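Number of protein chains: 2
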Amino acid sequence: MEVVGKRRNRIEGIEKVTGEARFSGDLDIPGVLDARVLRSTYPHARIRSIDTEDALGVPGVVAVLTRDDLRDMDPYYGHCLRDRPILAMERVRHVGEPVAAVAARDRLAAEEAVSLIRVEYEELPYVATLDDALAQGAPVLHEKAAGSGDFHDVNLSDAREHPNICHHEHMEIGDVERGFAEADEVFEDVFHFPMVCHYSMEPHTTTARFQGGQLTLWSASAHPFLIRSELARLFGLSMTDVQVVVPYVGGAFGGKSYLKIEPLVVALARKTHGLPVRLEHSVTESMLTARRHSARCWIKTGVKRDGTILAREVRIHLDTGAYADNGPRVVARAVLRVHGAYRCANFRSDSYGIYTNSVPAGSMRSIGGPQSVWPVEVQMDRIADVLGLDPLRYRLEQLLGRDEQIRPGSRGIDGDLREGLAKVAEMLTEAGPPPAGAGTGLAVGITDSEANPVSTAIVRLLSDGNVVVMAGSTEVGQGARTVLSQIVAEELCVPFERVMLRGTDTHTTPFDRSTGASRSTTVMGTAVKFAAADVHRQIKAIAAEQFGVDSERVVLKGGAAWCGEARREFAEVVSGFFGMPGGELIGRGYVRAGGGISPILPIFWEVGIGGAVVAVDADTGEVEVQRYNSVADVGRAINPRQAEGQDEGAAVMAMGHTLFESLIYADGQPLNPNLVDYRVPGFRDIPRTFESCLLENGDGPGPYGAKGMGEGGIIPVAPAVCNAVAQATGVRIRELPLTPERVWRALRSADTEGS
Amino acid sequence: MEVVGKRRNRIEGIEKVTGEARFSGDLDIPGVLDARVLRSTYPHARIRSIDTEDALGVPGVVAVLTRDDLRDMDPYYGHCLRDRPILAMERVRHVGEPVAAVAARDRLAAEEAVSLIRVEYEELPYVATLDDALAQGAPVLHEKAAGSGDFHDVNLSDAREHPNICHHEHMEIGDVERGFAEADEVFEDVFHFPMVCHYSMEPHTTTARFQGGQLTLWSASAHPFLIRSELARLFGLSMTDVQVVVPYVGGAFGGKSYLKIEPLVVALARKTHGLPVRLEHSVTESMLTARRHSARCWIKTGVKRDGTILAREVRIHLDTGAYADNGPRVVARAVLRVHGAYRCANFRSDSYGIYTNSVPAGSMRSIGGPQSVWPVEVQMDRIADVLGLDPLRYRLEQLLGRDEQIRPGSRGIDGDLREGLAKVAEMLTEAGPPPAGAGTGLAVGITDSEANPVSTAIVRLLSDGNVVVMAGSTEVGQGARTVLSQIVAEELCVPFERVMLRGTDTHTTPFDRSTGASRSTTVMGTAVKFAAADVHRQIKAIAAEQFGVDSERVVLKGGAAWCGEARREFAEVVSGFFGMPGGELIGRGYVRAGGGISPILPIFWEVGIGGAVVAVDADTGEVEVQRYNSVADVGRAINPRQAEGQDEGAAVMAMGHTLFESLIYADGQPLNPNLVDYRVPGFRDIPRTFESCLLENGDGPGPYGAKGMGEGGIIPVAPAVCNAVAQATGVRIRELPLTPERVWRALRSADTEGS
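Protein chains in written order, with the working numbering: chain W, 115 to 869; chain E, 115 to 869.
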């Protein structure tokens with residue numbers, strides 16, 4: 115292949131390192147007003163009154179938005195459950211929830227006006243923890259919420275066992291009771307995973323303009339097309355009335371999925387007489403807008419003496435915060451992801467999303483993955499330990515083989531997990547055994563990629579031989595534009611430099627379901643490949659006619675059509691067809707379940723395999739990850755440089771929730787939603803030895819055998835590190851992050867109890 | 115039909131009447147600099163030196179552009195002949211030619227800087243008139259000029275008979291000498307047609323930004339795709355490096371065809387370090403940028419005693435001004451258009467474009483049409499008069515019949531000229547005979563539409579049943595968006611309101627050759643029809659599968675697919691196909707000669723038929739057009755309201771060159787390039803009785819039998835009015851416009867000479 119598989123620099127690289135690249139907040143939108151938001155300082159309270167009189171008197175203030183402006187509409191939205199109002203209506207449910215918003219000529223005026231809005235609250239008892247939430251007589255966060263018609267693949271039950279259960283998923287395979295009855299040993303553990311924040315370099319930023327019934331949005335969004343349809347529904351518009359423009363996005367990681375700040379900005383823009391309104395979050399505001407689910411996972415596994423897994427039962431409680439956001443979908447992923455990558459004929463799991471009075475939790479890189487793979491993999495290590503098995507050999511024996519199914523009707527495993535694990539083990543040990551006092555840990559995880567594999571694309575071959583790709587995948591830093599351009603260049607047989615792919619504008623870019631779930635290379639990649647193949651067919655047929663031969667005798671290569679030694683540049687072919695130096699050839703590509711992508715779900719299994727060598731300072735409890743190796747089973751790396759970068763990025767991100775990241779609440783208040791008190795991984799958190807290896811067996815459903823990646827790398831880090839800590843210290847820690855204090859305490863208490 | 119043929123209001127009407135519609139100059143482009151241009155005050159001079167030092171010292175000035183900035187490139191451009199420099203290089207060739215340009219933070223600074231640029235000229239003898247130009251030893255305007263590779267359909271001859279002949283076309287049919295030899299009577303006349311200006315409400319306006327090798331243009335242009343390729347060529351870019359955005363255009367009439375001010379603005383933007391530069395012409399500047407060709411037409415016709423035309427010989431000299439612009443193409447049209455709409459087996463014509471030191475002449479509504487139809491039609495009337503024939507009956511006898519060819523291999527007449535003329539005559543006389551002293555005049559003209567029928571389009575059906583049309587026809591006020599939307603709605607069987615069609619952006623809108631030559635309804639109309647039909651086929655097939663029937667049993671209607679009584683909205687069909695409320699169906703349409711449009715040229719004949727009743731005030735020479743009737747043979751009116759509006763608009767525009775419009779030169783200086791001294795038609799110039807009638811025989815090559823219109827209406831006005839004046843006064847005037855002074859003088863001299 116000429117372009118695919120090559121280590122290309124990202125096409126927007128120079129733009130980004132020179133600061134030329136423009137993100138939503140960089141766009142100069144004439145006459146734009148600044149918006150600021152008044153947020154709840156209470157975890158749970160009834161709003162008695164809102165007085166905006168003084169705020170409106172501030173010079174420069176154009177509009178103040180309160181719940182009273184939303185009485186003419188149904189202000190509730192949510193892609194799973196419509197439980198979230200654009201602004202707090204009767205109650206606030208978490209600290210940081212928007213209560214009012216101001217649009218003003220400048221930011222200072224907006225801030226002053228916000229400070230002058232007087233809200234009278236009546237405090238209500240709040241729900242702080244999962245146990246609080248599920249207690250009898252607990253305060254109820256949502257008396258009712260409508261299921262969203264768009265939410266297909268999770269069953270919403272009106273008959274909730276407890277009113278604070280937002281969503282419950284149940285999965286059962288085989289006969290769990292018999293499995294446990296036949297087991298020689300049963301292992302039971304409870305794990306606690308922290309609240310963590312996405313922290314994208316670019317906080318949420320949206321500009322909205324409502325003019326003449328036409329709504330235009332410039333938004334840092336990973337879901338422009340879902341935003342279009344949801345905003346159309348909310349504000350009574352058609353899809354063609356709503357234009358969503360997405361330039362570069364400075365990181366998303368799920369935090370920019372579905373609607374975030376857009377409805378609020380649009381509602382404010384309804385009041386500014388056509389003037390555009392921009393809301394740019396601070397980091398703190400973004401941290402108070404979305405987060406990953408914290409979780410408690412109870413896991414019980416019955417095994418034979420040789421380690422064969424006979425039964426597994428899991429209950430995972432995911433803290434979804436004050437509103438559902440994408441929580442139900444996270445719950446639906448966790449219920450399967452907690453199965454683990456091993457043969458287990460008898461499996462039962464229950465996954466719950468639980469409302470609490472905290473920041474709403476939604477999608478985050480590998481939704482429900484880290485919370486569910488970590489317990490499985492730490493327990494697997496404990497089983498090996500107790501049974502006296504080598505953790506590597508034990509895993510290799512138990513891993514699902516290629517094409518093995520977790521449950522009938524689902525896609526079998528489309529990779530070679532054993533090869534991947536063996537590769538990690540080999541990488542880990544090639545530098546010799548760990549130094550004295552250090553430990554080694556391994557982990558394997560698989561996650562099912564999300565459904566709705568729907569993408570469409572247009573590829574246009576211009577009359578000078580250049581190519582325009584119109585594809586709605588958002589460039590969130592993952593390199594989508596580069597990869598999609600490579601696929602088009604390959605399929606259309608043109609030099610990579612001739613392909614142009616720009617940002618998304620829903621008025622001109624054809625539909626894409628979303629950017630997320632590691633789907634862009636596989637699903638949109640297939641759509642652009644189809645569209646390019648459509649043009650390929652056309653140019654071949656036209657060139658054949660021009661050569662006066664059958665189409666089979668024409669070969670495309672290097673931006674030209676060849677018939678034997680005769681050669682015609684694409685520019686000549688197109689111009690010849692149209693009879694002038696103009697015209698263009700247009701190709702389209704549709705991908706949907708059963709059309710371009712197999713209808714059997716998941717679309718693919720995303721695999722994450724990692725190994726760590728860690729040293730623990732027994733005096734301070736500090737954990738140092740000295741070496742980390744990752745294997746990413748990518749099927750086929752369209753761009754190995756980018757694939758490695760993504761896999762490494764995922765592993766570094768996971769160092770955060772493994773070692774130090776945690777959003778902490780006390781008395782219903784978030785204590786550290788800022789970059790001083792909440793630490794995210796930096797360069798110094800990268801292990802000294804840090805390598806990623808790509809497994810390329812061409813077994814993915816995407817172009818050239820590619821499959822999704824970039825999320826898998828996040829799941830094995832915490833268990834690999836925990837397992838290495840256990841090997842180094844003999845102590846298994848079941849709560850993240852592994853802060854020095856927590857490790858130190860665990861080491862101390864290990865002197866008295868067993869692990 | 116549900117949508118086509120209906121009197122729809124234009125879709126952008128409300129936007130325009132409320133002032134919301136945004137034209138190029140209305141776009142808020144952040145950081146935009148104002149440009150002003152220093153123009154030549156000499157008709158012909160050598161530039162000795164340009165001193166910009168003082169100009170550069172003006173605070174706020176960012177860049178000053180002179181010929182020295184163009185030494186690194188070939189600065190000559192032109193779509194027919196590359197004879198025009200971006201800025202005057204060695205010489206200036208007409209008053210108003212750009213010599214230097216300034217970009218500054220504000221307009222006043224730019225104007226001040228322009229006033230401080232010192233240019234030393236060496237005056238040269240200049241060419242004022244056609245006779246001056248063709249004289250032996252006349253000053254030569256262009257020693258050489260390269261033919262442009264894009265200019266296909268005119269033969270450029272290096273062997274020019276005279277160095278000031280820019281272009282010469284010759285046409286010969288039959289045996290002209292024998293024809294004249296057999297003639298009973300020979301008529302010979304010379305006609306003089308004035309220089310006139312386009313006067314669009316929006317003068318030329320272009321903003322250019324050159325940033326990181328990417329050129330973005332916002333321009334009031336009718337030819338965005340030609341601009342893209344020409345600028346790419348001039349500045350060494352690829353098509354994907356050049357983005358041309360065209361919002362609404364406030365009138366074009368040919369004055370915004372091909373490159374006008376764009377190269378100058380781009381060259382200036384090369385010097386502003388990425389800051390955008392906007393040049394907004396004043397009306398005067400636009401008048402000094404482009405105009406219609408003035409012309410002298412010698413026409414000799416030999417007839418039998420019964421009026422049968424045996425031979426015609428014509429020489430038409432078109433004053434093309436200082437640069438070729440689109441002159442060669444105008445020359446190429448005139449050579450045929452001067453044939454007239456009558457049977458004439460022996461025909462010879464020579465059409466010349468002549469350089470003079472005046473504003474360059476290019477395309478203007480019916481290029482070469484008014485200048486060539488008027489002499490034919492006035493002479494026809496004189497022939498009838500001399501032979502004692504009724505001018506109506508004479509014309510009806512001599513007119514070309516349906517499918518009759520002017521020359522072998524060309525398209526036969528695709529309309530019923532007799533029906534149209536009879537209709538005008540009927541309309542004229544239905545109010546009774548003209549009042550005493552008034553006269554009645556008729557005229558018929560046909561024009562061949564230009565070649566290169568190349569358009570492409572994309573139609574997208576969204577998952578809520580709305581439709582996006584991507585078509586590059588520029589909305590110059592002619593109603594293209596409305597007509598194209600009607601065609602798509604009809605073809606796709608959706609309500610008209612569901613169709614959205616926005617402005618052109620060459621990065622997202624597929625190729626269109628140009629907006630002009632009355633081609634949009636016919637050519638682009640066919641492209642969008644094909645694209646819509648492509649979607650129609652898809653939705654039918656998908657719906658059939660969903661109904662579980664054969665595709666033939668499915669009928670589309672009202673935005674839904676029907677199978678008997680069963681009905682599925684398009685939204686359901688699309689969503690069902692993609693398995694979610696998303697996805698979209700994409701259709702493409704290509705039109706080219708031989709693909710969608712017959713390869714036989716012209717694409718269609720555009721017909722203009724008119725009749726006037728005029729009164730002449732013998733004391734003042736004032737001509738009053740009391741009644742004017744026009745018949746537009748439109749094949750099929752996609753939107754009768756708009757078609758009538760266009761036809762009436764053309765007629766009113768023609769009142770200008772007929773009665774009062776003329777750009778006057780003295781001593782090489784234009785005397786009246788402003789709206790005070792140069793009068794354009796206003797409401798009070800509309801005849802008291804003014805009606806247009808559409809002929810709809812479905813005989814056009816466009817959608818539903820439509821053919822181009824909107825230019826035809828301009829051609830019969832001058833001859834009909836002149837013929838009416840002759841009937842009223844007995845005096846034939848062979849020079850336009852019919853100013854009171856000219857008419858009064860003609861009436862006076864008629865007392866001594868015959869007409």
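For glycine and all other residues, C-beta sits at the position ideal for the given N, C-alpha and C. In this text the structure is predicted, and so the values were computed from the model without any measurement.
Selected residue, minimal CA-CA separation from residue i, among the options
| i | options | result |
| --- | --- | --- |
| residue 239 of chain E | E:228, E:255, E:795 | E:255 |
| residue 304 of chain W | W:846, W:340, W:402, W:174 | W:846 |
| residue 384 of chain E | E:426, E:431, E:818, E:321 | E:321 |
| residue 131 of chain E | E:601, E:797, E:591, E:679 | E:591 |
| residue 201 of chain W | W:182, W:626, W:294 | W:182 |
| residue 543 of chain E | E:496, E:726, E:425 | E:726 |
| residue 506 of chain W | W:550, W:856, W:517, W:558 | W:558 |
| residue 648 of chain W | W:286, W:571, W:354 | W:571 |
| residue 462 of chain W | W:531, W:539, W:487, W:291 | W:291 |
Own chain, CB closer than 7 Å to residue i, minus 5 neighbours either side, in chain order
| i | result |
| --- | --- |
| residue 503 of chain E | 421 |
| residue 296 of chain W | 424 |
| residue 170 of chain E | 178 |
Whole-angstrom distance between residue j and residue i, CA atom to CA atom
| i | j | result |
| --- | --- | --- |
| residue 704 of chain W | residue 472 of chain E | 56 Å |
| residue 316 of chain E | residue 364 of chain E | 5 Å |
| residue 724 of chain E | residue 203 of chain E | 46 Å |
| residue 241 of chain E | residue 253 of chain E | 7 Å |
| residue 594 of chain W | residue 701 of chain W | 20 Å |
| residue 231 of chain W | residue 168 of chain W | 7 Å |
| residue 852 of chain E | residue 801 of chain E | 16 Å |
| residue 328 of chain W | residue 599 of chain W | 32 Å |
| residue 460 of chain E | residue 535 of chain E | 24 Å |
| residue 872 of chain W | residue 756 of chain W | Limits of chain W in this structure are 115 at one end and 869 at the other, which puts residue 872 of chain W out of reach. |
Same chain, Cβ closer than 8 Å to residue i, five either side skipped, listed in chain order
| i | result |
| --- | --- |
| residue 268 of chain W | Only weak support exists for where residue 268 of chain W lies, its pLDDT of 40 falling under 50; the coordinates are left without a value. |
Same chain, Cβ closer than 6 Å to residue i, five either side skipped, listed in chain order
| i | result |
| --- | --- |
| residue 870 of chain W | What the structure shows of chain W is the stretch from 115 to 869, and residue 870 of chain W is not part of that stretch, so it cannot be assessed. |
| residue 466 of chain E | 279, 282, 431 |
| residue 837 of chain W | 495, 555 |
| residue 120 of chain E | none |
| residue 671 of chain W | 607 |
| residue 696 of chain E | 577 |
Supposed close pair residue i, residue j - CB separation, criterion 8 Å
| i | j | result |
| --- | --- | --- |
| residue 612 of chain E | residue 566 of chain E | Contact doesn't hold; Cβ gap of about 32 Å is too wide. |
| residue 339 of chain E | residue 620 of chain E | 6 Å |
| residue 221 of chain E | residue 402 of chain E | At roughly 19 Å, the Cβ-Cβ gap does not stay under 8 Å, so residue 221 of chain E and residue 402 of chain E are not in contact. |
Residues of the region 133-146 of chain E in Cβ contact with chain W at a cutoff of 9 Å, in chain order, please. 134, 141, 142, 143, 144, 145
Any residues in the region 575-602 of chain E with a beta carbon nearer than 9 Å to a beta carbon of chain W? Which ones, in chain order? 576, 577, 578, 579, 580, 581, 582, 584
Output, in sequence order along the chain, the residues in the region 432-457 of chain E whose CB is closer than 9 Å to any CB in chain W. none
Could you list the residues in the region 341-362 of chain E with a C-beta less than 8 Å from some C-beta on chain W, going in chain order? 343, 346, 352, 353, 354
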